[in-house]
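One structure below.
Protein chains: 2
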Amino acid sequence: MKFGGTSVATLDRIRRAAKRVGVEVAKGYDVIVIVSAMSGETNKLVGYVEETSPLFDAREYDAVVSSGENVTAGLMALTLQEMDVPARSWQGWQVPVRTTSAHASARIEEIPTDNIMAKFGEGMRVAVVAGFQGISPEGRITTLGRGGSDTTAVAFAAAFDAERCDIYTDVDGVYTTDPRICEKARKLDRIAFEEMLELASLGAKVLQTRSVELAMRYKVKLRVLSSFEEMDDAAGTLVCDEEDIMESKVVAGVAHSRDEAKMTLVSVADRPGIAAAIFTPLADAGVNVDMIVQNISEDGRTDMTFSCPTNQVARAQKAMNDAKESGSINFHEILADTAVCKISVVGIGMRSHTGVAAKMFKVLAQEGINIQVITTSEIKISVLVERKYMELAVQALHDAFDLDKAG
Amino acid sequence: MKFGGTSVATLDRIRRAAKRVGVEVAKGYDVIVIVSAMSGETNKLVGYVEETSPLFDAREYDAVVSSGENVTAGLMALTLQEMDVPARSWQGWQVPVRTTSAHASARIEEIPTDNIMAKFGEGMRVAVVAGFQGISPEGRITTLGRGGSDTTAVAFAAAFDAERCDIYTDVDGVYTTDPRICEKARKLDRIAFEEMLELASLGAKVLQTRSVELAMRYKVKLRVLSSFEEMDDAAGTLVCDEEDIMESKVVAGVAHSRDEAKMTLVSVADRPGIAAAIFTPLADAGVNVDMIVQNISEDGRTDMTFSCPTNQVARAQKAMNDAKESGSINFHEILADTAVCKISVVGIGMRSHTGVAAKMFKVLAQEGINIQVITTSEIKISVLVERKYMELAVQALHDAFDLDKAG
Numbered sequence: 001m002k003f004g005g006t007s008v009a010t011l012d013r014i015r016r017a018a019k020r021v022g023v024e025v026a027k028g029y030d031v032i033v034i035v036s037a038m039s040g041e042t043n044k045l046v047g048y049v050e051e052t053s054p055l056f057d058a059r060e061y062d063a064v065v066s067s068g069e070n071v072t073a074g075l076m077a078l079t080l081q082e083m084d085v086p087a088r089s090w091q092g093w094q095v096p097v098r099t100t101s102a103h104a105s106a107r108i109e110e111i112p113t114d115n116i117m118a119k120f121g122e123g124m125r126v127a128v129v130a131g132f133q134g135i136s137p138e139g140r141i142t143t144l145g146r147g148g149s150d151t152t153a154v155a156f157a158a159a160f161d162a163e164r165c166d167i168y169t170d171v172d173g174v175y176t177t178d179p180r181i182c183e184k185a186r187k188l189d190r191i192a193f194e195e196m197l198e199l200a201s202l203g204a205k206v207l208q209t210r211s212v213e214l215a216m217r218y219k220v221k222l223r224v225l226s227s228f229e230e231m232d233d234a235a236g237t238l239v240c241d242e243e244d245i246m247e248s249k250v251v252a253g254v255a256h257s258r259d260e261a262k263m264t265l266v267s268v269a270d271r272p273g274i275a276a277a278i279f280t281p282l283a284d285a286g287v288n289v290d291m292i293v294q295n296i297s298e299d300g301r302t303d304m305t306f307s308c309p310t311n312q313v314a315r316a317q318k319a320m321n322d323a324k325e326s327g328s329i330n331f332h333e334i335l336a337d338t339a340v341c342k343i344s345v346v347g348i349g350m351r352s353h354t355g356v357a358a359k360m361f362k363v364l365a366q367e368g369i370n371i372q373v374i375t376t377s378e379i380k381i382s383v384l385v386e387r388k389y390m391e392l393a394v395q396a397l398h399d400a401f402d403l404d405k406a407g
Numbered sequence: 001m002k003f004g005g006t007s008v009a010t011l012d013r014i015r016r017a018a019k020r021v022g023v024e025v026a027k028g029y030d031v032i033v034i035v036s037a038m039s040g041e042t043n044k045l046v047g048y049v050e051e052t053s054p055l056f057d058a059r060e061y062d063a064v065v066s067s068g069e070n071v072t073a074g075l076m077a078l079t080l081q082e083m084d085v086p087a088r089s090w091q092g093w094q095v096p097v098r099t100t101s102a103h104a105s106a107r108i109e110e111i112p113t114d115n116i117m118a119k120f121g122e123g124m125r126v127a128v129v130a131g132f133q134g135i136s137p138e139g140r141i142t143t144l145g146r147g148g149s150d151t152t153a154v155a156f157a158a159a160f161d162a163e164r165c166d167i168y169t170d171v172d173g174v175y176t177t178d179p180r181i182c183e184k185a186r187k188l189d190r191i192a193f194e195e196m197l198e199l200a201s202l203g204a205k206v207l208q209t210r211s212v213e214l215a216m217r218y219k220v221k222l223r224v225l226s227s228f229e230e231m232d233d234a235a236g237t238l239v240c241d242e243e244d245i246m247e248s249k250v251v252a253g254v255a256h257s258r259d260e261a262k263m264t265l266v267s268v269a270d271r272p273g274i275a276a277a278i279f280t281p282l283a284d285a286g287v288n289v290d291m292i293v294q295n296i297s298e299d300g301r302t303d304m305t306f307s308c309p310t311n312q313v314a315r316a317q318k319a320m321n322d323a324k325e326s327g328s329i330n331f332h333e334i335l336a337d338t339a340v341c342k343i344s345v346v347g348i349g350m351r352s353h354t355g356v357a358a359k360m361f362k363v364l365a366q367e368g369i370n371i372q373v374i375t376t377s378e379i380k381i382s383v384l385v386e387r388k389y390m391e392l393a394v395q396a397l398h399d400a401f402d403l404d405k406a407g
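Residue numbers (UniProt numbering), protein chains in the order written: chain S, 1 to 407; chain X, 1 to 407.
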């Protein structure tokens, strides 16, 4: 059972979370609880570090920001003890959660189970583990990157061969789309790992992408639940293998992202190797290029359009202008349009169903929405459109693919 | 160099503290810095624990409250790095600071130096260590009790055979008496370990008693300095062996404590064993009896008076009434007077000088102050007087023993 920052934001909320743990213990389960820092704490600590040292030593960053989870772990253990549930806390180094040395974005390499299993053998019913942290081969504290507690939870579930991994958060599950912009959004009972991965990387903030990858690899039965509502066992959304999905929808959900900018290099010489000449310097500059489209060539010149996160526009412009100065590429001008958004439809059913893209384009055309860039994967189609059409596009696609109706 | 909570209360103050460390590094010293939590942090965490679980598991208490020091240690290391001083942080378990298992009041048993010395050998100039914490033989986090960072500092100075141990705090040294009630109070350049011990246990809040004991045992040259004033090397107060004291004062200081109550058992049967019959149940009830006086016996009965901390009066009354009911003692009534205070003069010179007590009593008599109870040690005389005379008594004694003049 993993409780995120908003689920442990106050002592009262920690008590509510502990009660949910108590219910599982009463059913006879031994439970590993993974906790985040009380909400706001990690941001406060990150603020301290960044103010102290803008180009901080990531090892010290990790030593500082990991402390919030330690506080919650101890308080959760005390709360459970008050409820007469035998519990104790573990910090990452005590388990130990062995990670790589990539401070601030370490990966879990090994979680020995002997320590905690020995305590379960002695009558302990709940091991409370500080999420988000581990220990490097050099014996220093590491953290897994923001949202890393989800990954901690899945990794423990895999290491201990847990019956399931329940992620308690401030939403009650995964939705067909964002309920704030489409009132017909419907909570999904189940979603396939692959779909969840696409949705997570498209900006759905329910689960950290890596935690989903890990759950998929180790076949961890992953459930997203709200810690703020009374729920029964069937509540929330189960993230699982596609074989376990009963619903037969072609499309599982519609995602959107405001954080996209469209860049166009106007009048580039269309010659072999031009794509490499453009995108290598962008990659070197740390620009995450998402979608790419190349216009039809005319008189040996073409326009090259790509999308990247809004906050990387300046970096992309600098990389392109530098490349132009060095003579490696040539273009007439570089245009940046930040008034765009990305709309995606995701569904494993696309693998076997043709016509999803055609239907998507037709729906958008009927609404008078012009598609600027298109990119597809095996189970996803994304388009870039003017940002003012975002709500309209999401709602129209949600209707068209019947997402408001259970499968 | 140890920096207390007020000396690292903000990022600005951490920077000021780091500058003092930088000065020592520039002189060629390798430095171990011991830090407390930012002031207010530990109290906040203790509050969380007590609200969660009034009779808390001390192991979880320690896991929670030790986190404040970890934050400061990382921030101090980052601040030093920003000043181009090679530094890194250590948490207690990383050194490791080995302690007993007495959670919340553990004692340091061993501090291996190899880890930190190896890093000094590699060019690191400052090891920043989280104070107040250690690790038990069972591998769990321990804390040393409030003010424990002083003890951490002295223990590191002893383990690493440091040239000296500088305690940076919010006062600029040890005074002949409390400057808030006697404007002639003078900062001492030097004070003997034994005197500092008496003053610390009499309520002077400059140093934790255990840190002074430890410094005395291991001959650590201990200095108390202000982190808020510009100081030169000779500043502050040096706590040292009495042989190193140049000043030849008989009395080093005058201490006072408001936190004293006087209890009197009226008309107790004066028989052998009566003292044991009274003070054994008080000890069993956890009452810290300080001073004791027994009146002259009349008709086989006497009055027995003792002092104890004000907040233990109710407990002492209950213990005495219970003992009376059980028949083990008999008295007419029990009186409690909380309008008293304790005034003490302390000085190693008393060992060789007679007449200090006589002079003290005479001074108080001249001011019309009645002495209610007296207790003495080899280097201390304490009296209980009415609380309204506290300032008067301190000022008169300070004058009489010429404490405003350097020795």
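We treat Cβ as the ideally placed atom computed from N, Cα and C, and that holds for glycine.
Euclidean distance between Cα positions of residue 63 of chain S and residue 37 of chain X
14 Å
Buried or exposed: residue 249 of chain X, going by 16 or more other Cβ atoms within 10 Å of its Cβ?
buried
Alpha carbon to alpha carbon, what distance is there between residue 119 of chain S and residue 25 of chain S?
15 Å
Decide yes or no for the touch test of the region 146-158 of chain S against the region 210-220 of chain S: beta carbon pairs closer than 8 Å, at least 3 of them.
yes
Between residue 225 of chain S and residue 154 of chain S, how many whole angstroms is the CB-CB distance? I'm expecting something under 8 Å.
Rounded, the Cβ-Cβ distance is 15 Å, inconsistent with contact.
Starting from the beta carbon of residue 56 of chain X, find every residue of chain B whose beta carbon is closer than 7 Å, and list them in chain order.
You won't find chain B in this structure, because its protein chains are S and X.
In this structure, does DSSP put residue 98 of chain S in helix, strand or coil?
strand
What residues are listed by DSSP as bridge partners for residue 175 of chain S?
S:187
Could you pull out every unbroken beta strand (DSSP E) segment of at least 3 residues lying fully inside the UniProt domain "ACT" (263-348) of chain S, listed in chain order?
292-294, 301-308, 333-337, 340-346
Who does residue 11 of chain X pair with in a DSSP beta bridge?
None; residue 11 of chain X has no bridge partner.
Residue 199 of chain X, enclosing alpha helix (DSSP H) - first and last residue
193-201
Strictly below 7 Å CB to CB, what residues from chain S border residue 81 of chain X?
53, 57
DSSP state of residue 108 of chain X mapped onto helix, strand, coil:
strand
Can you pull the chain S neighbours of residue 91 of chain X, defined as C-beta to C-beta under 8 Å?
63, 141
Cβ of residue 129 of chain X less than 8 Å from any chain S Cβ?
no
Chain S within 8 Å of residue 36 of chain X, Cβ atoms only
no
Taking 8 Å as the threshold (C-beta atoms), are residue 293 of chain X and residue 308 of chain X in contact?
no
Classify residue 57 of chain S as buried or exposed, calling it buried when 16 or more other Cβ atoms lie within 10 Å of its own Cβ.
buried
Leaving aside the five residues before and after residue 169 of chain S along the sequence, list all residues of the same chain whose C-beta is less than 6 Å from its C-beta, in chain order.
4
Contacts of residue 101 of chain S in chain X (Cβ-Cβ under 7 Å)
Residues of chain X passing the Cβ test: none, with the nearest at roughly 14 Å.
Among S:405, S:22, S:51, which one has its Cα closest to the Cα of residue 10 of chain X?
S:51
Would residue 125 of chain S pass as a contact of residue 244 of chain S if the rule is Cβ separation under 8 Å?
no
Just to confirm, is the Cβ distance from residue 237 of chain X to residue 190 of chain X under 8 Å?
yes
Tell me, please, whether the region 353-367 of chain X touches the region 324-331 of chain X by the rule of three or more beta-carbon pairs shorter than 8 Å.
no
Let me know the secondary structure DSSP gives residue 114 of chain X once reduced to three states.
helix
What whole-angstrom Cβ distance do residue 75 of chain X and residue 14 of chain X have, given they're in contact under 8 Å?
6 Å
Determine whether the beta carbon atoms of residue 347 of chain S and residue 195 of chain S lie at a separation below 8 Å.
yes
Taking a cut of 9 Å between CB atoms, which residues from the region 327-359 of chain X lie near chain S?
none
Tell me whether the region 96-111 of chain X and the region 80-88 of chain X touch, counting them as touching only if at least three CB pairs, one residue from each stretch, are closer than 8 Å.
no
Can you list the alpha helix (DSSP H) stretches of 4 or more residues lying completely in the region 19-59 of chain X, in chain order?
41-52
Burial state of residue 297 of chain S, where buried means 16 or more other Cβ atoms lie within 10 Å:
exposed
Inter-stretch contact (C-beta, 8 Å, three-pair minimum) for the region 64-71 of chain X and the region 165-180 of chain X:
no
Which whole-angstrom value is the C-beta distance of residue 398 of chain X and residue 341 of chain X, which I expect to be below 8 Å?
At roughly 15 Å, the Cβ-Cβ gap does not stay under 8 Å, so residue 398 of chain X and residue 341 of chain X are not in contact.
What does DSSP give as the partner residues of residue 383 of chain X in its beta bridges?
X:343, X:374
Under 8 Å, CB to CB, which of the residues in the region 360-376 of chain X have a partner in chain S?
none
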